[in-house]
Amino acid sequence: MNAAKLPAACAPWVRTRLRTAPGISAALAVLVLLTAFLAAAFPRSVDAYETKALRHDVASAPPGQSVLEVATPPPSLGQAPSVRESAVREKALSSARDALVETLPDPVRADLTNSSYGVHTTKPLVADEAWLPRPDALPPQLTYAAPSELPGHSTLRSGRWPAARGPVTLDTREVEAAVTEETAKTLRMKPGSTVAVPTRSGVPLTVRITGIVAPLRPESGYWAVDPLFRAPSLIRDPGSRTPVFYWRGTLLLPPDTGPALLATMGEPELYWRLTPDASGLTAADVPALASGIAAVENGPGLLELRDIAGPNTTLTTDLDAILGAYTSMRAAIGPVVTVAAVGIGAVAAVVLLMTGALIGARRHHELALLRSRGGSLRGIGGRLLAETAVAVLPSAALGLLLAVLLVGEARFLPALLGACAVAALVCVALPLRTALHHRRPLLHGARDDVMDARPSRRRTVAELTLLVLAAGAVAALRRRGTSAGTDLLVSAAPVLVGLIAALVLVRLYPLPLRLAARPVARLRGAVGFLSLARAGRASSSGTLPLLALLIALTTAAFGGSVLAGVADARDEAALRAVGADARISGEGAPYPVPGALLRQVRAMDGVEDVAPVRIEYRTPLAASLDVRSDTKRATLMGVEPESYARLARDGGLPAFPAASLRSGPGKDEALPAVVSPALADRLGERPHTIRSQAGDITVRVAAVLSRTSVVSDSEFLIVDAKGLALPEPTTLLVTGAALDTQRLLAAAKKAGPDFRVGLRAAERERFVDTPMQSGAERIYGAAVAAGAGYALLAVLLSLLQTAPERTTLLARLRTMGLTTRQGRRLLAFEAMPQALLAAFGGLLVGWATIALLAPGIDLGSLALAGATAPTTYTATLRADLRSLALPAVGVVVLAAAVAGVQAWWAGRRGSIKELRAGDTR
């Protein structure tokens, strides 16, 4: 009787593996989670700060630049009066506003709360009322406007709101108006005042002031597009040969009084001022936004606006210029950020590959056994892919979810692609490496030492190819710079330099080991010799850990140097603008500083030094009789040589040659002067007479200084203040690490209303005025932290890969009399060669990378985006010692710590497992 055929018992592979080694799967999942989060968060962070920067630039721009102003003349005189009147009434203007808003192309949207419309006169009309002020015997000129929703944008201070008394037509001869507090105060207006406005019929239109109002939000587009709405202004008469001025202001009429303005001589105009709504804009909307603005300014969109408002309608705005400045800044900052992204991406990829290599090495014997028992590469690879995907895919999805939740206002697709790339790399790396490694039978016990390995021809060709790519990337970056746009090859220059350095160091690694092994072999004791022998027997495939370390250290050093360069550029620009930590000077004119103020400032707590300086701007470089309109000019400075030299030294400026000024006038009675290089070429070696505020003085060039504080002008001239007829200082330059700002402000205010205090810290903060700058700096800070973290993780993975071998070695050596202390020294000395090589190589490669790439990287847009023209300087990249040294030292310390912990842990465990008979480790 045949027994029934029973199915073979088969345990599920994935479940069995996860139960057998849950720690490895959990560690892999955590690493994938962090890496996927970084890969997904980076594009979202870039999108987020670019979106915030766009909204900031549009919202913070002056309303006169950002507002879309639609204007059209009223119907022509040939049309019926009723048609002309109805076109400027509130109902028609409101309906046109709604239609114009609907016509704007996406993503251009209007903020109706801050928008306005109405009728105003474009030609100022002379007001001859005798009670109006006349600064230079010229009567004021007024414009008249009937804006919408005046009560919603202002507060009534006195009187009552103006209103239209009955239907207003072309024949109406009296209307009411309101003025702001500043207009009323300056033009001496009050409720009940009347102004006669000339009309075409000859019968004047009387405008009666009924109320005084105060703007609720003076900076809003309602008031700021036309500043005369808020306050009058002194205007110079262009037709007069002498500088005479008159007042110009605006009276605000109620809605529905537009028909009365049609009868005046002020050339009335209909307007709709649409404030752009930036709350819904994103960085991805910039091309469509620029295209839409161009269309409504001079394209098909303008034809649609004319169908609504009239055939002569125009739209004016500087929003396109705002977008152009935003695009230029993004184009300048983007390549610099891409360099950091490529570096961190390369480090993360190498660390993930190292993790796969570590898992594959730990399972080498298991997989070799499966292969010898008939397992196919496809079957083994499929099972490895399945068990890897179970841990990796949920972790990558969770990292993506965290990035989406933590970083908002960004696109989802780039983040999804980043997380998927991480998951795909990890899922493919282990099966592919296994398939390639076990495609042929491996001889048991074959050694692959770094001391005996000989690079193949293929490896040599690959290394030469990478060398050519790295040289091309560095040359392109130095020649083109980052201003040419984002180029992947150029952005990968630091990574390629680190890759080449890793390959070179791996080739040179055996040489110092051989040189060190000979003298150590002659010493008493086996620890030194064994440690070097063990280091020399490391696998020749150790290029991956060294590559990860060098790229991580290079990326961290590069990111830290970028942040240091940005900080240095802002410090220098602020120092040039202010001159010291604080500056006290007169505003608008060189007022002499009272001696009491100088003594009071010097006695304040926190003040380390005070340098009194006399500054005379635009000093003619000629005698009084020879000065003409085209005479070259420079900044004349009278200083105390000793205090000014200390100021230059404390501020990190070039050393000031105080001895050159202390020599005093020579035989030709010319004052020695320290001048700028351009001025030295102009003046030459002979004495030269210039006109100061106290009269002519003769100077001679005693020294040349490339730059100095206080003045940002390229041409300056510094003399000893004692040699001037007016030596009184006009500026105090205060140095101190902990200045009392409030006391300085109080002292300056007490000295006179014209004195102002400028602070270096406040000037520095002005250079960081956009979210794009702060966002890019945060990304570089994250790049530094991630680079250092991945470097430490690479060290840890490298040591964990060989941990079983070291544990077995210690167990066997303990049976031969090796003490615990000697075991710790052995493991520490074994780990040190590669750790020191990585640390020293990281220092060298980081410094070399920065030195090679610095000429092509301009950090000006990242550092000084808020600077004005006189203070815009080129911010260059420089090596930051702290960013270079700290990660490298951390690598060495971690290697020593891991070796010590492993030796301690191996000493606490028994040696039975490690000393089993037949163990091939």
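Read in order, the letters of the sequence shown are residues 1010 to 1930 in our numbering.
Even for Gly, the Cβ is constructed at its ideal location relative to N, Cα and C.
Residue 1626 counts as exposed, since fewer than 16 other beta carbons sit within 10 angstroms of its beta carbon.
Here DSSP, grouped into helix, strand and coil, assigns residue 1589 to coil.
Minimum Cα-Cα distance from residue 1308 among the listed residues 1317, 1324 and 1725 corresponds to 1324.
Close CB contacts of residue 1657 within its chain, under the 6 Å cut and outside five residues either way in sequence, are with 1665 (chain order).
Using a Cβ-Cβ distance cut-off of 8 Å, the region 1766 to 1782 and the region 1571 to 1583 are in contact, since at least three pairs of beta carbons, one from each stretch, lie closer than that value. In the DSSP assignment, residue 1387 falls outside any beta strand (DSSP E) and lies within the alpha helix (DSSP H) extending over 1386 to 1415. Judged by DSSP in its simplified three-state form, residue 1090 adopts helix.
Here the alpha carbon of residue 1795 sits roughly 17 Å from the alpha carbon of residue 1889.
Apart from sequence neighbours up to five positions away, the residues of its chain that approach residue 1390 with a beta-carbon distance below 8 Å are 1440, 1441, 1443 and 1444, ordered along the chain.
Taking 8 Å as the upper bound for CB-CB distance, residue 1766 and residue 1591 are in contact here, some 6 Å apart.
For residue 1792 against residue 1331, the beta-carbon gap comes to about 30 Å, at or over 8 Å, which does not count as contact. By the CB criterion at 7 Å, residue 1643 and residue 1724 fall inside the cutoff.
Residue pairing by DSSP places residue 1167 opposite 1221 in a beta bridge. The shortest CA-to-CA distance from residue 1831 to any of 1902, 1909 and 1886 is the one to 1909.
Following the DSSP letters along the chain, one finds residue 1616 in no beta strand (DSSP E), marked with neither H nor E.
Per the coordinates, the alpha-carbon of residue 1825 lies some 13 Å from the alpha-carbon of residue 1817. In this structure, residue 1572 sits near residue 1789, with a CB-CB distance shorter than 7 Å. If you look at residue 1232, you'll find it in the alpha helix (DSSP H) that goes 1230 to 1233.
By the neighbour-count criterion, in which a residue is buried when 16 or more other Cβ atoms sit within 10 angstroms of its Cβ, residue 1477 is exposed.
In this structure, DSSP gives residue 1779 a state outside helix and strand, which the three-state scheme calls coil. In terms of Cα proximity to residue 1140, the closest of 1193, 1181, 1305 and 1185 is 1193.
Taking C-beta atoms as the reference points, residue 1098 and residue 1126 fail to come closer than 7 Å. Segment contact: the region 1278 to 1289 against the region 1184 to 1193, fewer than three CB-CB distances shorter than 8 Å; contact not assigned. With a beta-carbon spacing of about 6 Å, residue 1556 and residue 1508 fall inside the 8 Å limit used to define contacts.
Taking all protein chains shown into account, residue 1703 has fewer than 16 neighbouring C-beta atoms within 10 Å of its C-beta and is therefore exposed.
Unbroken alpha helix (DSSP H) stretches of 4 residues or longer found wholly inside the region 1224 to 1273: 1230 to 1233 and 1267 to 1271, given in chain order. In the three-state scheme derived from DSSP, where H, G and I count as helix and E and B as strand, residue 1183 is classed as strand. Ranked by Cα distance from residue 1075, the options 1807, 1361, 1234 and 1729 are led by 1234.
Nearest Cα to residue 1306 within the set 1050, 1370 and 1113: 1113. Under the Cβ criterion (8 Å, minimum of three pairs), the region 1740 to 1751 does not count as touching the region 1556 to 1566. A straight line joining the alpha-carbon of residue 1771 with that of residue 1577 spans about 15 Å. Under the Cβ criterion (8 Å, minimum of three pairs), the region 1235 to 1255 does not count as touching the region 1080 to 1094.
Note that the C-beta distance between residue 1732 and residue 1688 is not below 7 Å. DSSP places residue 1718 outside any alpha helix (DSSP H), giving it a letter other than H or E. In its chain, beyond the 5 residues on either side, 1408, 1411 and 1412 have a beta carbon closer than 7 Å to the beta carbon of residue 1046. Taking a C-beta distance under 7 Å as the contact criterion, residue 1593 and residue 1428 do not qualify as a contact pair.
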